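*Asks:*
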Amino acid sequence: MEPLASKIRPKNLDEFVGQEHLVGPQKPLRVAVEKKHLFSFVLWGPPGVGKTTLAKIYANALDAKFYELSAVSAGKDDIKKIIKDPHIKHSVFDMAPKVLFLDEIHRFNKTQQDFLLPYVESGQLTLVGATTENPSFEVISPLLSRCRVFVLNEFSDLEMAKIIERANLKIDQKSKEWLIAMANGDARQAIGLLENTQNLYGKITLDNLKNALQSKFLRYDKKGEEHYNTISAFIKSMRANQPDAAVYYLARMIDSGEDPKFIARRMVVFASEDIGLAQPTALVVANDVFRACETIGLPECGINLAHGAVYLAQCKKDRRAYDAYMEAMSDVKKHGNLAIPLKIRNAPTKLMKELGYGKGYEKYTKEDLLPEKLKNKKYL
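Residue numbers (full-length UniProt numbering): 1 to 380.
(1) At the level of alpha carbons, what is the spacing between alanine 96 and leucine 13?
(2) Cα separation between serine 215 and leucine 38?
(3) Would you mind working out which of Gly48, Gln124, Lys11 and Lys366 sits nearest isoleucine 180, comparing C-alpha positions?
(4) Report the CB separation of leucine 102 from leucine 143 in whole angstroms; it is logged as a contact under 8 Å.
(5) Compare the beta carbon distance of glycine 192 and phenylalanine 155 with 8 Å and say whether it is the shorter of the two.
(6) DSSP on glutamate 367, reduced to helix/strand/coil?
(7) Identify, in the order they occur along the chain, each residue of the same chain with its Cβ nearer than 7 Å to the Cβ of tyrosine 249, setting aside the five sequence neighbours on each side.
(8) Are the segment 271 to 285 and the segment 314 to 330 touching by the rule of at least three beta carbon pairs closer than 8 Å?
(9) So the candidates are Leu117, Lys261 and Leu355; which of them puts its Cα closest to the Cα of valine 289?
(10) Would you decide whether aspartate 138 is buried or exposed? Buried here means 16 or more other CB atoms lie within 10 Å of its CB.
(11) With a CB to CB cut of under 7 Å and the five nearest residues on each side skipped, what residues in its chain are close to glutamine 242?
(12) With a threshold of 16 other CB atoms inside 10 Å of the CB of valine 106, please say whether the residue is buried or exposed.
(13) How long is the line joining the alpha carbons of lysine 27 and glycine 18, rounded to whole angstroms?
(14) Comparing alpha-carbon positions, which option in Leu200, Arg266, Asp85 and Leu298 lies nearest glutamine 112?
(15) Name the DSSP beta bridge partners of leucine 4, please?
(16) Can you tell me whether glycine 129 is helix, strand or coil according to DSSP?
(17) For glutamate 294, which option in Ile263, Leu206, Gln173 and Ile163 has the closest C-alpha, if you only look at C-alpha atoms?
(18) Can you give the beta carbon distance from glutamate 104 to serine 136, rounded, assuming they're within the 8 Å contact cut?
(19) Tell whether a beta-carbon distance below 8 Å holds between valine 151 and glycine 24.
(20) Helix, strand or coil for lysine 98? Go by DSSP, reduced to three states.
(21) Just checking my contact of leucine 338 with lysine 359 at CB under 8 Å: how many whole Å lie between their CB atoms?
(22) Skipping 5 residues on each side, what residues in its chain have a beta carbon closer than 7 Å to that of lysine 176?
(23) Mind pulling the alpha helix (DSSP H) runs of 4 or more residues that sit fully within the segment 120 to 184?
(24) Per DSSP, what kind of secondary structure is lysine 353 in: helix, strand or coil?
(25) Considering only the beta carbon of each residue, do valine 149 and valine 42 sit closer than 8 Å?
(26) Identify every run of the beta strand (DSSP E) within the segment 52 to 89, keeping only runs that are complete inside it and at least 3 residues long; order them along the chain.
(27) Can you list, in chain order, the residues of its chain whose CB lies under 7 Å from that of lysine 170, leaving out five sequence neighbours each side?
(28) In the DSSP output, what is leucine 43 paired with across the bridge?
(29) On the three-state DSSP scale, how would you describe aspartate 14?
(30) Could you check the C-alpha separation between asparagine 134 and aspartate 77 for me, to the nearest Å?
(31) For the alpha helix (DSSP H) holding threonine 205, just list the boundary residues, first then last.
(32) In this structure, how does DSSP classify aspartate 186 when only helix, strand and coil are distinguished?
(33) Could you pull the DSSP bridge partners for aspartate 103 from this structure?
(34) Hey, out of Leu117, Leu158, Ile303 and Ala167, whose CA is closest to serine 145's CA?
(35) Quick one: what does DSSP say tyrosine 379 is sitting in, helix, strand or coil?
(36) Is the separation between the beta-carbon of valine 33 and that of alanine 61 shorter than 8 Å?
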């Protein structure tokens, strides 16, 4: 059965709610649709704000063949199939343009993005990427330079109310207000919960909405409490030398759709913060895990993450470097930029040497080199 979100999806910009800075009169996406201007672009914004809908409206307005892929599961072979697909409108001399909507484009690794690049460059594919992450960090520069980037915002409460009304389901004002607050600008989440409540209970009430919220499809929001609870549990399990718990929370995050690079970044920080001098190679291992996530991607990089998590959990722990850094930073904030001792200052010019810069410097001195106010201060 077709999901409710799909049934009520706007078919054109006049039906679309929100993102007025992009689809309002004389705004870039509306002008592109009206003038049938074919170009590649990336839609950057939080979940459930209309990225997929705008891509479909754009392709339909340009009479293009619309292909939809998720970067989580798609690969080079899927791109090849699209390229080989001869989409003929009326004759072999009248070929429709191909618009590829690549959801979660940030999940395509560098190799996959490199493969996509020449087809976008040549115009064989018009790319519409969608991402919740900053594309300047997640999309390779050559590909990003050939795309415009449009930023989408969370829907306002008023816009959410209009979208809920499109569902044409009976809901009282109190329940609607609760639903809008819970969804936090994510229309897909709101409509999904509405549909789930209607299917489970046959009636939408506040209690029924709250009960339906226990369904798995809404329990892991990558911006919400469960996101932070799970990554916290993962880090604390590694800190407590409990690899079994660490692997469990890792699996939960991967199964819930967490970005593997987010997990890997936390592991890189953990390697220095919690293991540090006890096992310096931990940082090397964590960095290798991050590179594996970049180059391989899911599902295989989950194995690399598990490898790294078990290793980090089993390492001895030493926070001296982290604690020293935090204490030194506290002194910097407290005292500002204290004068650096003259003998260890750089002296590239004659004048600086005459002023005493570098005078008396010894390479392997035991003399305290901290600023005068911090003499004999120990961070380690």
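Ideal Cβ placement from N, Cα and C applies to all residues, glycine included. Keep in mind it's a predicted model, so treat the numbers as computed, not measured.
*Replies:* Result, derived from the coordinates:
(1) Start at 1 with the first residue of the sequence shown, and residue 96 comes out as number 96. Start at 1 with the first residue of the sequence shown, and residue 13 comes out as number 13. Taking the straight line from one Cα to the other gives about 21 Å.
(2) Sequence index remark: in the sequence shown, residue 215 carries index 215 (1-based). Sequence index remark: in the sequence shown, residue 38 carries index 38 (1-based). Residue placement at serine 215 cannot be trusted, given a pLDDT of 49 that sits under 50; what the coordinates show is reported in the next sentence. One C-alpha to the other measures close to 41 Å.
(3) Indexing the sequence shown from 1 puts residue 180 at position 180. Selected option, being the one with the closest Cα: Gly48.
(4) Position 102 of the sequence shown, counted from the start, is the residue given in the question as residue 102. Position 143 of the sequence shown, counted from the start, is the residue given in the question as residue 143. Leucine 102 to leucine 143, Cβ: 10 Å. No contact.
(5) The residue you call residue 192 lines up with position 192 of the sequence shown. The residue you call residue 155 lines up with position 155 of the sequence shown. Going by C-beta atoms, glycine 192 is not nearer than 8 Å to phenylalanine 155.
(6) Within the sequence shown, numbered from 1, the residue matching residue 367 stands at position 367. Coil at glutamate 367, not helix or strand.
(7) Position 249 of the sequence shown, counted from the first residue, corresponds to residue 249. Excluding residues within five positions, the ones whose Cβ falls inside 7 Å are Thr230, Ala233, Phe234 and Ser237.
(8) yes
(9) Along the sequence shown, read from residue 1 onward, the residue named residue 289 stands at position 289. Nearest C-alpha to valine 289: Lys261.
(10) Position 138 of the sequence shown holds residue 138. First, the amino acid is wrong: residue 138 is glutamate here, not aspartate. So glutamate 138 ends up on the buried side.
(11) Looking up residue 242 in the sequence shown gives position 242. Excluding residues within five positions, the ones whose Cβ falls inside 7 Å are Ala313.
(12) Here residue 106 corresponds to residue number 106 of the sequence shown, with the count starting at 1. For the sequence presented, residue 106 should be read as histidine rather than valine. Looking at its Cβ environment, which holds 16 or more other Cβ atoms inside 10 Å, histidine 106 is buried.
(13) Start at 1 with the first residue of the sequence shown, and residue 27 comes out as number 27. Start at 1 with the first residue of the sequence shown, and residue 18 comes out as number 18. The alpha-carbon atoms of lysine 27 and glycine 18 are separated by roughly 13 Å.
(14) Along the sequence shown, read from residue 1 onward, the residue named residue 112 stands at position 112. Selected option, being the one with the closest Cα: Leu298.
(15) If you number the sequence shown from 1, residue 4 lands on position 4. None; leucine 4 has no bridge partner.
(16) Here residue 129 refers to the residue found at position 129 of the sequence shown. Residue state, collapsed to three classes: strand.
(17) As a position in the sequence shown, residue 294 is number 294, starting the count at 1. Measuring from the Cα of glutamate 294, the nearest candidate turns out to be Ile263.
(18) Counting from one through the sequence shown, the residue named residue 104 turns up at place 104. Counting from one through the sequence shown, the residue named residue 136 turns up at place 136. With 8 Å as the limit, glutamate 104 and serine 136 do not qualify as a contact, their Cβ atoms being about 16 Å apart.
(19) Within the sequence shown, residue 151 is the residue found at index 151, counting from 1. Within the sequence shown, residue 24 is the residue found at index 24, counting from 1. Cβ distance not < 8 Å, so valine 151 and glycine 24 don't count as in contact.
(20) Residue 98 sits at position 98 when you count from the first residue of the sequence shown. Residue state, collapsed to three classes: strand.
(21) In the sequence shown, counting from the first residue as 1, residue 338 sits at position 338. In the sequence shown, counting from the first residue as 1, residue 359 sits at position 359. Contact doesn't hold; Cβ gap of about 19 Å is too wide.
(22) Along the sequence shown, read from residue 1 onward, the residue named residue 176 stands at position 176. The residues are Ala161 and Ile164.
(23) 135 to 138, 141 to 144, 157 to 166 and 173 to 183
(24) Your numbering for residue 353 matches position 353 in the sequence shown. Three-state result, lysine 353: helix.
(25) On the sequence shown, position 149 is the one that residue 149 refers to. On the sequence shown, position 42 is the one that residue 42 refers to. Yes; because the gap between Cβ atoms is below 8 Å, this pair is in contact.
(26) 65 to 70
(27) To locate residue 170, count along the sequence shown from 1; it is residue 170. Around lysine 170: Ile204.
(28) By one-based count along the sequence shown, residue 43 stands at place 43. Beta-bridge pairing links leucine 43 to Ala130 and Phe150.
(29) Working through the sequence shown from its first residue, we reach residue 14 at position 14. Aspartate 14: coil per DSSP, three-state reduction.
(30) Taking the first residue of the sequence shown as position 1, residue 134 is located at position 134. Taking the first residue of the sequence shown as position 1, residue 77 is located at position 77. In a straight line, the C-alpha of asparagine 134 is about 26 Å away from that of aspartate 77.
(31) Here residue 205 refers to the residue found at position 205 when the sequence shown is read from its first residue. It is not in any alpha helix (DSSP H) - threonine 205 carries neither H nor E in the DSSP assignment.
(32) As a first step, residue 186 must be located in the sequence shown, where it is residue number 186. Correct three-state label for aspartate 186: coil.
(33) For the purposes of this step, residue 103 is taken as the residue at position 103 of the sequence shown. Note: aspartate 103 sits in a beta bridge opposite Ser70 and Ala130.
(34) Taking the sequence shown and counting its residues from 1, the one referred to as residue 145 is at position 145. Ranking Leu117, Leu158, Ile303 and Ala167 by Cα distance to serine 145 puts Leu117 first.
(35) Position 379 of the sequence shown, counted from the start, is the residue given in the question as residue 379. If DSSP states are grouped into helix, strand and coil, tyrosine 379 belongs with coil.
(36) Position 33 of the sequence shown holds residue 33. Position 61 of the sequence shown holds residue 61. Contact: yes.
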